[in-house]
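Protein chains: 2
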Amino acid sequence: MLKEERHQIILNEVRVHNRILLTDIANLLDVSADTIRRDIKSLDNQKKLKKVHGGAVSLGFNNYNPTIEDIYALSEKKMIAKKAIQLLKDGQVILLTGGTTNIEIAKLIPARLKLTCFTPSLQVAIQMLNKPDIETVFIGGKLSNNSQITIGGNAINMLSQIKTDICFLGTNSISCIDGLSEFDWDIVQVKRAMIRTSSKVVSPSISEKLDSTQRYKICEIEAIDILITELEPSNSLLKPYADRGLSIL
Amino acid sequence: MLKEERHQIILNEVRVHNRILLTDIANLLDVSADTIRRDIKSLDNQKKLKKVHGGAVSLGFNNYNPTIEDIYALSEKKMIAKKAIQLLKDGQVILLTGGTTNIEIAKLIPARLKLTCFTPSLQVAIQMLNKPDIETVFIGGKLSNNSQITIGGNAINMLSQIKTDICFLGTNSISCIDGLSEFDWDIVQVKRAMIRTSSKVVSPSISEKLDSTQRYKICEIEAIDILITELEPSNSLLKPYADRGLSIL
DNA sequence: TGAATATTTGCAATATTTTGCATGATAGAT
DNA sequence: ATCTATCATGCAAAATATTGCAAATATTCA
């Protein structure tokens with residue numbers, strides 16, 4: 005049997021079944037597992053399949069590339085994300101809402117950190133798929149087309165059944181006087197439920213959102229424990245928030 | 005024996021068998037392996053075959069060059085998707101599992117069809133976000149990194165609370181004798197729950213998956229109402245399934 | 001035709017590739 | 001945290017490739 009032949013057979017098995025076990029293929033082709041392992045490694049290098057522990061999976065299956073490249077204030081959001089992940093520790097149960105800032109946080113979470121991550125955001129969930137040590141639980145429910153997160157009774161109910169250590173609560177508007185606010189009523193409900201489940205609430209927010217208000221209120225500013233912006237914590241814009249008792253990062 | 009003659013014979017063997025072993029040809033033509041080696045090298049230079057260690061393979065043999073977006077048998081899957089959406093009607097409640105074929109179905113669902121769509125697949129859900137008239141409900145739960153769908157008690161529990169009109173149940177393997185089967189035990193549980201919730205179960209499956217079996221059984225073949233492949237319904241491959249009472253599309 | 005020249009072939013020596021196995025390391029599951 | 005299956009690595013044996021060379025064969029041209 006030529007190596008080339010084996011490669012073709014392996015690729016075909018992967019294409020048809022999306023995933024294969026190394027030992028199965030070794031039996032099928034009657035060669036040692038080492039050989040198949042080398043084959044798979046080689047095919048992986050050629051980007052013809054993806055090698056995983058115990059076998060291989062097809063490429064087409066496993067990649068969604070959300071190429072949202074034109075995110076507003078991306079560098080600020082990345083800066084915020086960098087600060088945010090410093091709050092994470094092994095073993096924590098975290099809650100990530102949607103929004104582009106939280107997606108940046110999700111991207112930056114170290115793959116080897118052992119976390120349990122709850123999220124109602126499709127985009128955040130997809131970022132988590134590449135991180136084997138993170139157990140991701142998706143909060144099910146009706147999907148809001150605009151915000152790409154789940155909303156409604158089911159989601160809130162599921163949130164009421166969990167207790168999380170820390171919640172990264174993206175928001176539209178944050179103000180010392182009016183607290184956190186949002187323009188979508190359904191999302192407000194979900195975010196309120198999130199605040200209730202979480203011991204610590206972190207608000208990652210670009211400075212532009214500071215001191216703005218929207219139609220529906222989520223909570224008072226005191227409900228937030230930590231405020232993360234792209235600014236230096238000493239920046240005078242942040243002083244009013246510090247004065248209300250928020251930690252500034 | 006003329007060189008030209010050998011070349012023709014070698015090319016023909018390659019055409020017929022897709023691959024040849026150098027030693028086989030040397031024996032067949034009763035010349036030294038070195039000669040055949042040189043022949044093959046020359047034919048390789050002329051791009052008439054591909055020389056590999058131990059022999060040669062035909063050029064068409066190895067033409068799988070996936071781009072990152074490439075999905076195996078995409079045209080077949082699109083064909084299946086086209087047939088599948090004919091089953092959809094305004095007002096229905098449908099259930100879409102994961103897998104690349106179901107993603108194609110999701111893409112093809114007309115944006116203006118008023119459906120309620122339940123799914124445990126992140127990819128399917130994302131496809132649905134662009135369709136304003138479709139209410140999408142995500143079945144929450146623990147995310148399986150490999151399959152990109154939610155699994156576990158929460159997902160199964162949520163499934164037990166709904167009744168859907170039609171379920172498009174993607175699967176890894178389908179066989180008249182062994183029924184539907186899958187590679188991953190957790191996914192089997194979810195799919196069983198899906199079958200229970202749904203009045204009608206449709207199995208969209210490329211023909212290559214027919215008559216194959218994986219380690220865990222989902223259900224007997226009779227649990228499927230409609231089988232959709234890229235083949236003509238009259239194709240003889242499908243007859244055993246029709247004989248078992250499945251509708252063929 | 002016949003000698004000069006070019007090509008092809010087989011062979012031997014050496015190099016490279018492939019494969020399976022042994023070993024210790026690692027990842028995943030329980 | 002422990003245990004098992006899987007993985008990476010180095011190694012040696014076998015298979016295959018490469019190279020140079022000389023003999024055999026074919027081709028060219030006088």
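For the record, the sequence lines run as chains U and C.
Heads up: the first sequence begins at 5 in our numbering, then just goes up one per residue.
Heads up: the second sequence begins at 5 in our numbering, then just goes up one per residue.
Each residue gets a CB set at the ideal place from its N, CA and C atoms; glycine is no exception.
Note that this is a predicted model, so its numbers are computed, not measured.
Chain U within 8 Å of residue i, Cβ atoms only
i, result
"C/Glu139", "yes"
"C/Ala129", "yes"
"C/Gly59", "yes"
"C/Tyr245", "no"
"C/Gln152", "yes"
"C/Leu258", "No statement about residue 258 of chain C is possible, as the shown extent of chain C runs from 5 to 253 and does not include it."
"C/Phe172", "no"
"C/Leu242", "no"
Any chain C beta carbon closer than 8 Å to residue i
i, result
"U/Phe142", "yes"
"U/Ser251", "no"
"U/Lys81", "no"
"U/Asn149", "yes"
"U/Arg23", "yes"
"U/Gly102", "no"
"U/Leu133", "yes"
"U/Ser62", "yes"
Member of the options whose CA lies at the smallest distance from the CA of residue i
i, options, result
"U/Asp188", "U/Gln96, U/Asn176, U/Thr39, U/Ala110", "U/Asn176"
"C/Gly183", "C/Ser211, C/Ile225, C/Ala37", "C/Ile225"
"C/Asp169", "C/Lys243, C/Thr201, C/Lys213", "C/Thr201"
"C/Leu163", "C/Leu147, C/Ile178, C/Ile199", "C/Ile199"
"U/Gly59", "U/Lys51, U/Gln131, U/Ser209, U/Ala37", "U/Ala37"
"U/Ala77", "U/Glu108, U/Ser151, U/His11", "U/Glu108"
"U/Ala159", "U/Ile143, U/Phe122, U/Leu133", "U/Ile143"
"C/Leu23", "C/Leu6, C/Ser62, C/Ser46, C/Gln152", "The displayed chain sequence assigns Arg, not Leu, to residue 23 of chain C. When only C-alpha atoms are compared, the closest one is C/Ser62."
"U/Lys52", "U/Ala227, U/Glu17, U/Gln96, U/Glu212", "U/Glu17"
"C/Ile210", "C/Ser79, C/Glu9, C/Lys118", "C/Ser79"
"C/Asn31", "C/Gly174, C/Ala85, C/Ile13, C/Lys213", "C/Ile13"
"C/Val56", "U/Ser125, U/Asp48, U/Glu8, U/Val35", "U/Glu8"
"U/Ile252", "U/Pro237, U/Gln50, U/Ile40", "U/Pro237"
"U/Lys111", "U/Ile138, U/Leu33, U/Val20", "U/Ile138"
"C/Asn149", "C/Asn161, C/Gln131, C/Pro124", "C/Pro124"
"U/Gln152", "C/Cys171, C/Gln152, C/Gln131, C/Phe172", "C/Gln131"
"U/Gln193", "U/Ile44, U/Asn161, U/Gly249, U/Ile40", "U/Asn161"
"C/Gly95", "C/Pro244, C/Asp34, C/Leu117", "C/Leu117"
CB of residue i within 8 Å of CB of residue j, strictly
i, j, result
"U/Lys135", "U/Ile166", "no"
"C/Ile222", "C/Asp190", "no"
"C/Arg141", "U/Lys146", "This sequence places Val at residue 141 of chain C; Arg is not what is there. Against a cut-off of 8 Å, the Cβ pair of U/Lys146 and C/Val141 comes out as a contact."
"C/Lys81", "C/Thr105", "yes"
"C/Ser204", "C/Asp229", "Note that residue 204 of chain C is Lys in the sequence shown here, rather than Ser. Yes, these two residues count as a Cβ contact at 8 Å."
"C/Ser207", "C/Ile178", "yes"
"C/Leu92", "C/Phe122", "no"
"U/Ser240", "U/Thr217", "no"
"C/Leu133", "U/Ala129", "no"
"U/Leu47", "U/Leu6", "no"
Neighbouring residues, chain C, relative to residue i (Cβ below 7 Å)
i, result
"U/Val20", "Glu212, Lys213"
"U/Gly145", "Val141, Phe142, Gly144"
Burial state of residue i, where buried means 16 or more other Cβ atoms lie within 10 Å
i, result
"U/Arg219", "exposed"
"U/Ala115", "exposed"
"U/Thr27", "exposed"
"U/Gly174", "buried"
"U/Ala246", "exposed"
"C/Gly103", "buried"
"C/Arg10", "buried"
"C/Glu1", "What the structure shows of chain C is the stretch from 5 to 253, and residue 1 of chain C is not part of that stretch, so it cannot be assessed."
"U/His21", "buried"
"U/Lys213", "buried"
"C/Asp43", "buried"
"C/Arg19", "exposed"
Beta-carbon neighbours of residue i, restricted to chain U and to distances below 8 Å
i, result
"C/Val56", "Leu6, Lys7, Glu8"
"C/Ser177", "His21"
Residue i beta carbon near the ligand PLP (any heavy atom closer than 7 Å)
i, result
"C/Gly102", "In the structure shown, the ligand PLP is absent, as is every other ligand, since no ligand is present at all."
Proximal chain U residues relative to residue i, where beta-carbon distance stays under 7 Å
i, result
"C/Pro136", "Asn149"
Contacts that residue i makes with chain U (C-beta to C-beta distance below 9 Å)
i, result
"C/Asn161", "In chain order: nothing, as chain U lies at least about 10 Å away."
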